[in-house]
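Asks: Please find one structure pasted underneath; my questions will follow.
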Amino acid sequence: MLATVPVTRTTHSRLTPELRDKAAFGAVFSDHMLMADYANGKWGDPRIIPYGAQPLAAAPAVAHYGQGIFEGFKVFARPNHGAVAFRPDANHARMNRTCRRMAMPEIPASTFIDGTMALVAVDRDWIPESAGSALYVRPVMFATGEQLGVRPSETFRFIIETCPSAPYFSGSVDLIAEDTYVRAFPGGTGAAKCGGNYAGSMLAALEAQKKGFHNVLWLDGIERKYVEEAGLMNVAFVIGGTVVTPPLGGTILPGITRDSVLTLLRDLRIPVEERRISIDDVFEAHAKGTLQGAAGIGTAAVIAPIGRLRHKDREITVPQMSPDSPLMQAGAELEGLRLGRIPDRHNWLKSI
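Numbering (this note's numbering), first residue to last: 1181 to 1532.
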């Protein structure tokens, strides 16, 4: 356990009901942030300070060689000014896996989890109360060493920021299968939550948007035919009553929401298959009438139904999912769990 985290409170809070309850995802940050620095082979004590710019070397290693990683999870309001964080331990474990892949020092649980609890307690009033909203928590770590040599930095900074977040998508998402660019390849960093993966995806997303789509459906980097992710999310299809999702194999981010949804589906005794599925399989299922729905799955959007799907010169409209569709049932279970309407059978919630 972390001893009491020192807090320097802001003298000018920016909190208003409008900012808290209606802010778009990532548009407004809360009043405070947690920060800790790594040097001489160890982490320093974290401290909570007012949110704002911090001094950084003019040539930090992160700017040259991309040693930068992040995480993301949500905190939900509960009655009587309470709050719960959803699976922060899983995010901590994933961040440390990313640290190892990117040759960065691991983050102590006391700094990541206890630090989150302390920070959210300070900014508790920033947690939105409206339906579908939450306080989004963004831990980030980056190399601060001032160097041009291509080697792991010896100094790093860890920050936790939070922001109130309204629902990410209000409707379905339209995707175009990407056949020019790839997100990941075997032996690469596809399973790590590092900034370079996201920077490399932006051009494809921009080109998709110019064609009238929200984002791309990523295909594998070798054969360019197996579905991997939906934009920034994991992806799943409902085919003949079975939920089919690509297996984790080093090229797909092991999503916490994905894992939660699959667990809840199995609790509901809904068939789940983690297997390779090609873009041709999806179109063939649609032609046969067995494709019953599809969705992106992620922290920000939770369950984002897919609407239009294009691949080369063919396009389909994915059937809309009713509330009793497998993925929507799992989404409702997840929402009920977070709001305290159903029991926390898997001990996923951490009270603040």
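Every residue, glycine too, gets a C-beta built ideally from N, C-alpha and C.
Quick caveat: nothing in here was measured; it's all calculated off a predicted structure.
What three-state label does DSSP hand G1376 in the structure shown?
Replies: By one-based count along the sequence shown, residue 1376 stands at place 196. DSSP places G1376 in helix when its eight states are reduced to three.
Asks: What are the start and end residues of the alpha helix (DSSP H) that includes N1271?
Replies: Reading the sequence shown from its first residue, position 91 is the one you call residue 1271. Unbroken alpha helix (DSSP H) run through N1271: 1268-1281.
Asks: Helix, strand or coil, according to DSSP, for Y1361 in the structure here?
Replies: In the sequence shown, counting from the first residue as 1, residue 1361 sits at position 181. Coil at Y1361, not helix or strand.
Asks: Using a Cβ-Cβ cutoff of less than 8 Å, which residues in the same chain neighbour E1453 once the five nearest sequence positions on both sides are dropped?
Replies: Numbered from 1 along the sequence shown, position 273 holds the residue referred to as residue 1453. Cβ within range, chain order: T1422, V1423, V1424, T1425.
Asks: If we call anything under 8 Å between Cβ atoms a contact, is I1459 one with K1405?
Replies: Along the sequence shown, read from residue 1 onward, the residue named residue 1459 stands at position 279. Along the sequence shown, read from residue 1 onward, the residue named residue 1405 stands at position 225. Cβ atoms of I1459 and K1405: closer than 8 Å.
Asks: So for Q1509, helix, strand or coil by DSSP?
Replies: As a first step, residue 1509 is located in the sequence shown; it is residue number 329 there, counting from the start. In this structure, Q1509 counts as helix in the three-state DSSP scheme.
Asks: Is the separation between the beta-carbon of V1353 and that of A1484 shorter than 8 Å?
Replies: Mapped onto the sequence shown, residue 1353 falls at position 173. Mapped onto the sequence shown, residue 1484 falls at position 304. Against a cut-off of 8 Å, the Cβ pair of A1484 and V1353 comes out as a contact.
Asks: What three-state label does DSSP hand D1461 in the structure shown?
Replies: The residue you call residue 1461 lines up with position 281 of the sequence shown. Correct three-state label for D1461: helix.
Asks: Since I1436 contacts T1369 with CB under 8 Å, what's their CB separation in whole angstroms?
Replies: As a working note, residue 1436 is residue 256 in the sequence shown. As a working note, residue 1369 is residue 189 in the sequence shown. Incorrect: roughly 18 Å between the Cβ atoms, too far for contact.
Asks: Beta-carbon within less than 7 Å of V1141's beta-carbon, same chain only, minus the 5 sequence neighbours each way: which residues are those?
Replies: Given a span of 1181 to 1532 for the chain in the structure shown, any question on residue 1141 remains unanswerable.
Asks: Assess, as a yes-or-no matter, whether the segment 1233-1240 is touched by the segment 1182-1195 under the definition of 3 or more beta carbon pairs within less than 8 Å.
Replies: With a cut-off of 8 Å, the segment 1233-1240 and the segment 1182-1195 do not count as touching, because too few Cβ pairs lie within range.
Asks: Buried or exposed: which applies to P1319, given that a residue is buried once 16 or more other Cβ atoms fall within 10 Å of its Cβ?
Replies: Within the sequence shown, the letter at position 139 stands for residue 1319. P1319 should be labelled buried.
Asks: Between the alpha carbons of D1447 and E1513, how many angstroms are there, rounded?
Replies: By 1-based counting over the sequence shown, the position of residue 1447 is 267. By 1-based counting over the sequence shown, the position of residue 1513 is 333. Whole-angstrom Cα-Cα distance: 10 Å.
Asks: Run through DSSP, which three-state label would M1215 get?
Replies: Taking the sequence shown and counting its residues from 1, one reaches residue 1215 at position 35. Of the three classes helix, strand and coil, the one that applies to M1215 here is strand, per DSSP.
Asks: If you draw a straight line from the alpha carbon of R1490 to that of M1501, how long is it in whole angstroms?
Replies: Stepping through the sequence shown from its first residue, residue 1490 is reached at position 310. Stepping through the sequence shown from its first residue, residue 1501 is reached at position 321. Rounded to the nearest angstrom, the two C-alpha atoms are 19 Å apart.
Asks: Answer with buried or exposed for R1337, where buried requires no fewer than 16 other C-beta atoms within 10 angstroms of its C-beta.
Replies: If you number the sequence shown from 1, residue 1337 lands on position 157. R1337 is buried by the Cβ-count criterion.
Asks: Could you check the C-alpha separation between S1290 and D1493 for me, to the nearest Å?
Replies: Residue 1290 sits at position 110 when you count from the first residue of the sequence shown. Residue 1493 sits at position 313 when you count from the first residue of the sequence shown. Approximately 52 Å, taken between the alpha carbons.
Asks: Which two residues bound the contiguous alpha helix (DSSP H) that contains Q1389?
Replies: As a working mapping, residue 1389 is identified with position 209 in the sequence shown. Its alpha helix (DSSP H) spans residues 1382-1390.
Asks: Since Y1406 is in the beta strand (DSSP E), which residue starts that stretch and which ends it?
Replies: Counting from 1 along the sequence shown, the entry for residue 1406 is found at position 226. Careful: Y1406 lies outside any beta strand (DSSP E) and carries neither H nor E.
Asks: For R1280, count neighbouring Cβ atoms within 10 angstroms of its own Cβ and tell me buried if that reaches 16, exposed if not.
Replies: Indexing the sequence shown from 1 puts residue 1280 at position 100. R1280 should be labelled exposed.
Asks: Closest to A1283 by C-alpha separation, out of D1524, V1330, V1407, would be which residue?
Replies: As a working note, residue 1283 is residue 103 in the sequence shown. The candidate whose alpha carbon is nearest that of A1283 is V1330.
Asks: What are the start and end residues of each continuous beta strand (DSSP E) run of 3 or more residues lying completely inside the segment 1314-1359, in chain order?
Replies: Segments of the beta strand (DSSP E) lying fully in the segment 1314-1359: 1314-1323, 1336-1345, 1353-1357.
Asks: Please report the Cβ distance between V1498 and A1474, rounded to the nearest whole angstrom; I am assuming they are in contact, meaning their Cβ atoms lie under 8 Å.
Replies: Position 318 of the sequence shown, counted from the first residue, corresponds to residue 1498. Position 294 of the sequence shown, counted from the first residue, corresponds to residue 1474. Confirmed, Cβ separation roughly 5 Å.
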